[in-house]
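Colleague:
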Amino acid sequence: MSSAKANVEPVIPDFEVKTLQLRYWGLRLYPAENLGVEIWASATIIEIKKAIQAIPNYDEEVDYIKELLETLKAKRLEEEKKKLEREEKRIAEEREVKRILEEKEMENAFQLKKLQLELENKSRPSETVPMAKPKLEMRHLMRKFDPKEGDISLYFVLFERQARRVEIYEDL
Numbered sequence: 000m001s002s003a004k005a006n007v008e009p010v011i012p013d014f015e016v017k018t019l020q021l022r023y024w025g026l027r028l029y030p031a032e033n034l035g036v037e038i039w040a041s042a043t044i045i046e047i048k049k050a051i052q053a054i055p056n057y058d059e060e061v062d063y064i065k066e067l068l069e070t071l072k073a074k075r076l077e078e079e080k081k082k083l084e085r086e087e088k089r090i091a092e093e094r095e096v097k098r099i100l101e102e103k104e105m106e107n108a109f110q111l112k113k114l115q116l117e118l119e120n121k122s123r124p125s126e127t128v129p130m131a132k133p134k135l136e137m138r139h140l141m142r143k144f145d146p147k148e149g150d151i152s153l154y155f156v157l158f159e160r161q162a163r164r165v166e167i168y169e170d171l
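Residue numbers (numbering that gives the first Met the number 0): 0 to 171.
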């Protein structure tokens with residue numbers, strides 16, 4: 000049964016054979032008819048080729064078609080080249096934008112880190128570096144002791160309070 004199917008050729012209408020033959024050549028028009036060559040729907044590719052080559056000005060037509068094909072090829076190559084250049088330009092622009100964004104991101108991260116360090120330094124100055132106290136003299140903070148009017152024990156109590164207020168340490 001399978002051998003019977005192998006021997007049977009498909010039946011293709013005449014107009015489809017002509018279309019198939021022309022599609023083989025990659026053309027959608029009927030070039031043989033345009034050249035004034037009469038072809039039959041059942042003609043093979045070799046018969047069509049021989050009929051076209053039998054045209055009196057075949058060489059001129061071939062040269063014209065070659066020039067036409069070369070022109071089409073050159074246009075296609077130029078379009079592909081332009082398309083490739085546009086694609087390369089787009090990729091280069093995307094890379095540049097990405098690089099600029101990365102630079103900005105790095106700069107922002109640097110500024111953020113810098114601000115964090117500044118904030119830490121401002122919040123810790125009492126821990127790391129003792130603040131320099133202005134020099135104070137006790138004679139400017141307290142009145143002179145008058146032995147006729149004052150009590151010495153009261154004067155010492157006031158002296159201790161003033162010393163604590165201005166943070167004069169006992170070991171001094």
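Backbone N, C-alpha and C define an ideal beta-carbon position, used for all residues, glycine too.
Please give me, in chain order, every unbroken run of the alpha helix (DSSP H) with length at least 4 that falls completely inside the stretch 42-69.
Modeller: Correct list: 44-52.
Colleague: Taking C-beta to C-beta, are Ala50 and Glu60 nearer than 9 Å?
Modeller: Locating residue 50 in the sequence shown gives position 51, counting from the first residue. Locating residue 60 in the sequence shown gives position 61, counting from the first residue. Against a cut-off of 9 Å, the Cβ pair of Glu60 and Ala50 comes out as no contact.
Colleague: Can you say whether Ile44 is buried or exposed, counting buried as having 16 or more other CB atoms within 10 angstroms of its CB?
Modeller: Position 45 of the sequence shown, counting from 1, holds the residue named residue 44. Exposed, because fewer than 16 other Cβ atoms sit within 10 Å of the Cβ of Ile44.
Colleague: What residues in its chain sit with their C-beta under 7 Å from that of Leu28, if we drop five residues either side in the sequence?
Modeller: Position 29 of the sequence shown, counting from 1, holds the residue named residue 28. Here Leu28 scores only 41 on pLDDT, less than 50, and its place in the model should not be relied on; the value that follows carries that caveat. For Leu28, where only same-chain residues beyond five positions count, there are no Cβ hits under 7 Å.
Colleague: Please report how far the alpha carbon of Glu166 lies from the alpha carbon of Lys112, in whole angstroms.
Modeller: Residue 166 sits at position 167 when you count from the first residue of the sequence shown. Residue 112 sits at position 113 when you count from the first residue of the sequence shown. In a straight line, the C-alpha of Glu166 is about 36 Å away from that of Lys112.
Colleague: Mind checking whether Gln161 and Met141 have CB atoms under 9 Å apart?
Modeller: Position 162 of the sequence shown, counted from the start, is the residue given in the question as residue 161. Position 142 of the sequence shown, counted from the start, is the residue given in the question as residue 141. Taking 9 Å as the Cβ cut-off, Gln161 and Met141 qualify as a contacting pair.
Colleague: When burial is assigned at 16 or more other CB atoms within 10 Å of the CB, is Ile47 buried or exposed?
Modeller: Mapped onto the sequence shown, residue 47 falls at position 48. Counting Cβ neighbours within 10 Å, Ile47 comes out buried, since at least 16 surround it.
Colleague: What span of residues does the alpha helix (DSSP H) with Phe158 cover, start to end?
Modeller: The residue given as residue 158 occupies position 159 in the sequence shown. Start and end: 151-164.
Colleague: In three-state terms, what does DSSP make of Phe109?
Modeller: Sequence index remark: in the sequence shown, residue 109 carries index 110 (1-based). Of the three classes helix, strand and coil, the one that applies to Phe109 here is helix, per DSSP.
Colleague: Suppose contacts are defined by Cβ-Cβ distances below 9 Å. Is Ile54 in contact with Gly35 by that definition?
Modeller: Stepping through the sequence shown from its first residue, residue 54 is reached at position 55. Stepping through the sequence shown from its first residue, residue 35 is reached at position 36. Result yes, Cβ atoms of Ile54 and Gly35 sit closer than 9 Å.
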